[in-house]
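Novice: Here's a structure for you.
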Amino acid sequence: MINLESDVLKVSVNLFGAELRSVINKETKEEFMWSGDPKYWGRVSPVLFPIVGRVSNNEYHYNGERFEMSQHGFLRDQEFVLVSSTDTYAEFSFVSNDSLLSVYPFKHEVRIAYELVDSKINIHWRVFNLDDQTMYYSIGAHPAFAMKDNEEYVFELEGSSDVSLITLDGGYVNGTSEFTDRSVEIIVESFIDDALIFTGLDSVSLINKDSGARVRCAFPGFDYVGLWTSYVDGKLSPFVCIEPWLGITDEKGGYDELSQKRSIRALSVGTDESHVYSLEFL
23 MINLESDVLK VSVNLFGAEL RSVINKETKE EFMWSGDPKY WGRVSPVLFP
73 IVGRVSNNEY HYNGERFEMS QHGFLRDQEF VLVSSTDTYA EFSFVSNDSL
123 LSVYPFKHEV RIAYELVDSK INIHWRVFNL DDQTMYYSIG AHPAFAMKDN
173 EEYVFELEGS SDVSLITLDG GYVNGTSEFT DRSVEIIVES FIDDALIFTG
223 LDSVSLINKD SGARVRCAFP GFDYVGLWTS YVDGKLSPFV CIEPWLGITD
273 EKGGYDELSQ KRSIRALSVG TDESHVYSLE FL
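Residues in the sequence shown are numbered consecutively from 23, following this note's numbering.
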């Protein structure tokens, strides 16, 4: 585990998946991140790559070949190496190996960095195409935040006037509808049909209505954001996720080639792309 510290926060990142595991307010000792209890959901903040969500029937085609891939891809289950670090900054790297070519036919490197600035964490992703062909990928975040028992929470949405809600059917995209509310109650009815997925937003805040504390996730320029929690025995789990995505689960009915997947990114040979989002704990 790699530990970072600012004047306000203490942060821990696991080399496995370069996953953010803990964010603690130094003054109040409050832990903001979900514990990863497998009874509800065994992860904390996985990075989704090279797909977000599902590919139809867990398979896709590229250049006439068939590949199998499970939900959210494989990066979250890879061991990273630490590239550099200071008290407030750490950068991690994963370079693909030949064994992955059977599920994803592109050689690549992904770097993930965490930068602490007072009460904020800037999360940097950098994706490198190390192959001799155009590389197609999606990438997304999935941080989960703890909720206290018997306290009420709400999501506050910020973005353009043209916010849309992506509707799902069996975990696949099947439509879009206008969404005019700027808050979402965290109740069972909100999540009964799986995640809520929006376009047109720049940030989402999780607000504790009892204490006024909030976590603000800002992701300007991202294609989508998903809001999700599981529910067990008819009750919401004690966490919620705010998930900025560059990519999305397949549309119902699928497509012929990976290059046609909705919101897939094309990365030219020998180039790289950088993406940044932030978490602020207020």
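All C-beta atoms, glycine included, are put in the ideal place defined by N, C-alpha and C.
For Leu179 versus Glu101, is the C-beta spacing smaller than 9 Å?
Specialist: Position 157 of the sequence shown, counted from the start, is the residue given in the question as residue 179. Position 79 of the sequence shown, counted from the start, is the residue given in the question as residue 101. Glu101 is positioned such that its CB atom lies no closer than 9 Å to that of Leu179.
Novice: Let me know if Arg133 comes out buried or exposed under the rule of 16 or more other beta-carbons within 10 Å of its beta-carbon.
Specialist: As a first step, residue 133 must be located in the sequence shown, where it is residue number 111. With 16 or more other Cβ atoms inside 10 Å of its own Cβ, Arg133 counts as buried.
Novice: Let me know if Leu173 comes out buried or exposed under the rule of 16 or more other beta-carbons within 10 Å of its beta-carbon.
Specialist: Taking the sequence shown and counting its residues from 1, one reaches residue 173 at position 151. Checking the displayed sequence, the identity of residue 173 turns out to be Glu instead of Leu. Burial call: exposed.
Novice: Output the distance between the C-alpha atoms of Leu289 and Thr156, rounded to the nearest integer angstrom.
Specialist: Taking the sequence shown and counting its residues from 1, the one referred to as residue 289 is at position 267. Taking the sequence shown and counting its residues from 1, the one referred to as residue 156 is at position 134. For Leu289 and Thr156, the distance between alpha carbons rounds to 6 Å.
Novice: Assign Val195 to buried or exposed, taking buried as 16 or more other Cβ atoms, counted over all protein chains shown, within 10 Å of its Cβ.
Specialist: Start at 1 with the first residue of the sequence shown, and residue 195 comes out as number 173. Flag for Val195 reads buried.
Novice: To the nearest angstrom, how far is the alpha carbon of Asp120 from that of Ser281?
Specialist: Counting from 1 along the sequence shown, the entry for residue 120 is found at position 98. Counting from 1 along the sequence shown, the entry for residue 281 is found at position 259. Cα to Cα, Asp120 sits roughly 22 Å from Ser281.
Novice: Nearest-angstrom Cα distance between Ser199 and Ile219?
Specialist: Translated into positions along the sequence shown, residue 199 becomes position 177. Translated into positions along the sequence shown, residue 219 becomes position 197. Roughly 11 Å separates the two Cα atoms.
Novice: With a 10 Å radius around its C-beta and 16 neighbouring C-beta atoms as the bar for buried, classify Ser296 as buried or exposed.
Specialist: Here residue 296 corresponds to residue number 274 of the sequence shown, with the count starting at 1. Classification for Ser296: exposed.
Novice: Using the DSSP secondary-structure output, state which residues sit across from Asn22 in a beta bridge.
Specialist: In this structure the chain extends from 23 to 304, so residue 22 is not present and cannot be described.
Novice: Output the boundary residues of the beta strand (DSSP E) element that contains Phe167.
Specialist: Working through the sequence shown from its first residue, we reach residue 167 at position 145. Taken as a continuous stretch (DSSP letters only), the beta strand (DSSP E) holding Phe167 covers Ala166 to Ala168.
Novice: Could you say if the region 110–129 and the region 262–279 meet the contact criterion of at least three C-beta pairs nearer than 8 Å?
Specialist: no
Novice: By Cβ distance below 6 Å, which residues in the same chain neighbour Val103 in space, the five residues on each side in sequence not counted?
Specialist: The count along the sequence shown starts at 1 and reaches residue 103 at position 81. These residues qualify, in order along the chain: Ser115.
Novice: Round the Cβ separation of Ser67 and Ala166 to the nearest angstrom and send it over; I've been treating them as touching at under 8 Å.
Specialist: Counted from its first residue, the sequence shown places residue 67 at position 45. Counted from its first residue, the sequence shown places residue 166 at position 144. Contact holds; Cβ gap of about 7 Å.
Novice: By DSSP, does Arg98 sit in helix, in strand, or in coil?
Specialist: Start at 1 with the first residue of the sequence shown, and residue 98 comes out as number 76. Looking at Arg98 - three-state DSSP - the assignment turns out to be helix.
Novice: Does Asn79 come out as helix, strand or coil in the three-state DSSP assignment?
Specialist: Start at 1 with the first residue of the sequence shown, and residue 79 comes out as number 57. In the structure shown, Asn79 sits in a helix (DSSP, three-state: H, G or I).
Novice: Please state whether DSSP places Lys289 in a helix, a strand or coil.
Specialist: As a position in the sequence shown, residue 289 is number 267, starting the count at 1. Note on residue identity: the sequence assigns Leu, not Lys, to residue 289. Looking at Leu289 - three-state DSSP - the assignment turns out to be strand.
Novice: Under three-state DSSP, which class holds Glu211?
Specialist: Taking the sequence shown and counting its residues from 1, one reaches residue 211 at position 189. Glu211 falls in the helix class under three-state DSSP.
Novice: Relative to the alpha-carbon of Glu87, which residue among Asp278, Lys51, His94 and Ala40 has its alpha-carbon at the smallest distance?
Specialist: Your numbering for residue 87 matches position 65 in the sequence shown. Of Asp278, Lys51, His94 and Ala40, the residue nearest in Cα terms is Asp278.
Novice: Taking only runs that begin and end inside the region 174–260, name each unbroken beta strand (DSSP E) of 3 or more residues, in chain order.
Specialist: 175–191, 194–200, 205–207, 218–230, 236–240 and 246–250
Novice: Which residues does DSSP pair with Trp267 in a beta bridge?
Specialist: Within the sequence shown, numbered from 1, the residue matching residue 267 stands at position 245. Answer is Gly162 and Tyr246.
Novice: From Arg238, Val247, Glu53 and Asp232, pick the residue whose C-alpha is nearest to that of Ile161; which is it?
Specialist: Indexing the sequence shown from 1 puts residue 161 at position 139. Nearest option by C-alpha distance: Val247.
Novice: Can you tell me which residues form a DSSP beta bridge with Tyr277?
Specialist: Position 255 of the sequence shown, counted from the start, is the residue given in the question as residue 277. The partner list for Tyr277 (beta bridge, DSSP) is empty, contrary to what the question assumes.
Novice: Pro266 to Phe177, Cα distance in whole Å?
Specialist: Translated into positions along the sequence shown, residue 266 becomes position 244. Translated into positions along the sequence shown, residue 177 becomes position 155. The straight-line gap from Cα to Cα measures roughly 14 Å.
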